[in-house]
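FYI, the numbering for the sequence shown is 805 to 1125, going by the working numbering. Ideal placement from N, C-alpha and C gives every residue a C-beta, glycine not left out. Remember, it's a predicted structure, so these values are computed and weren't measured experimentally. For reference, the structure discussed in these notes is given below.
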Amino acid sequence: MTTLVFVDGQEGTTGLRIHEMLACRSDVEVLRIAPDRRKDTAERARLLNAADVAFLCLPDAAAREAVSLVTNPGTCVIDASTAHRTQPGWVYGLPELAAEQRASLRAAKRIANPGCHASAFILLLRPLVDAGLVPASALLSATSISGYSGGGKKLIEQYEAGAVVTATGITDGRLQSPRPYGLNLAHKHLPEMLAHTGLALAPVFMPMVGNFYQGLAVTVPLHLSQLPAGTTPAALQQSLADRYAGERFVSVMPLNNLAALSEGFFDVQACNGSNRCELFVFGNAQQAVLMSRLDNLGKGASGAAVQSMNVHLGQDEGLGL
């Protein structure tokens, strides 16, 4: 049986990557909108309702509008925007989130694709909160560094031009160093990071963009004295390993895995080109550092969306990935 798929927003980074992932699949027929009709509401509505699965690769407001156009009860909408990630009636598109998540995705007609920073953070913290090793009331911080592709077309163009153009028309080299942002402490991924971990308080979150195209790593430091008595780095690593045993796309690395370090440095881009997420625990008798890395265009965006589609359709979860 052929699945009809429409990508609304097919020219964006996420939409293009979804098209690439589906291009070689004989079980999928991709419905395409003519370039000159991409903003034609009637044509978009026709294709959205003709599809078995509709991916929304749009800004939040446009994604909400697209959802309002869907009247076919058989159409499964997978929204890659931020608009519905904590909304009632929408299932979070992270199959590894909890034991019941795949069953929820199979039954859902409204799936909210996770954010890239959020996926990395949630996969690290949700098992530890569930196990009681990290209290729900914990005061956490998280740092994330990601490639510039996560910023969309305008940021990609800026980085590929190689310099920042100032108001006076002078170029400078600020793109060469990592650039922290989100300093209003209201990053758009924070609501889902809170909602889907079980934490009572959002982490102090510091994202930054680096001068590389794709790849992402989230780091969460912990003082063991602030965790339940007897909690060790080994216990944290074992809890993660138990939770993700048998998972195809989430791997938990050995404790203090020196093999993951090249001359002492951690490779943020090691999962690029894949749908993998790798989790690490480094620690000593007083402290631990949790780390999660993934491809922000793979498990952090398009790969996650296709994985959720596969789960929803009851297919091999790795098809196209």
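- Between the alpha carbons of T806 and V832 lies a gap of roughly 5 Å.
- Out of L835, V1110 and V1072, the CA that lies nearest to the CA of D1099 is found in V1072.
- Following the DSSP letters along the chain, one finds V871 inside the alpha helix (DSSP H) bounded by residues D864 to L873.
- If you look at E847, you'll find it in the alpha helix (DSSP H) that goes T845 to A854.
- Look at G1087 here: in three-state DSSP terms it is strand.
- Ranked by Cα distance from M1057, the options G951, L1040, L1031 and L1005 are led by L1040.
- At least 8 Å separates the beta-carbon of V1054 from that of A946.
- C920 sits in a helix when the DSSP states are folded into three classes.
- In the three-state reduction of the DSSP assignment, Y952 falls in the helix class, which pools H, G and I.
- Per DSSP, the unbroken beta strand (DSSP E) holding A1021 starts and ends at L1020 to H1027.
- If the five residues before and after A1038 are omitted, its C-beta is found closer than 6 Å to the C-beta atoms of L1059, all from its own chain and listed in chain order.
- Residue G1050 holds the alpha-carbon nearest to the alpha-carbon of E900 among G1050, L1101 and L1117.
- The C-beta distance from L1020 to S948 rounds to 6 Å, short enough to fall under 8 Å.
- Listed in chain order, the non-local C-beta contacts of Y963 below 7 Å within the same chain comprise Y952, L979 and N1015, local neighbours out to five positions each way being set aside.
- The alpha carbon of A907 has as its nearest neighbour, out of D883, L1003, G1118 and V874, the alpha carbon of G1118.
- Excluding residues up to 5 positions away in sequence, A1006 and F1009 lie with their Cβ nearer than 7 Å to the Cβ of L994 in the same chain.
- The closest CA to that of I915, considering only R868, G955 and M825, is found on R868.
- DSSP links G1014 through a beta bridge to G951.
- Apart from the 5 residues on each side of it in sequence, P982 sits with its Cβ closer than 8 Å to the Cβ of I949, M1012, V1013, G1014 and N1015 in its chain, given in chain order.
- In this structure, the beta-carbon distance from A858 to F810 falls below 8 Å.
- Taking 8 Å as the cut-off, the Cβ atoms of N1079 and G1102 count as close.
- For the set K843, R829 and S830, the Cα lying nearest the Cα of Q814 is the one of K843.
- Cβ neighbours of N988 within its own chain (closer than 8 Å, five residues either side excluded): none.
- The beta carbon of V834 is closer than 6 Å to those of V809 and L826 in its chain, skipping five residues each way along the sequence.
- Between C880 and A912 a beta carbon distance of about 7 Å is seen, short of the 8 Å cut, so the two are scored as contacting.
- Assigned with DSSP and collapsed to three states, E961 falls in helix.
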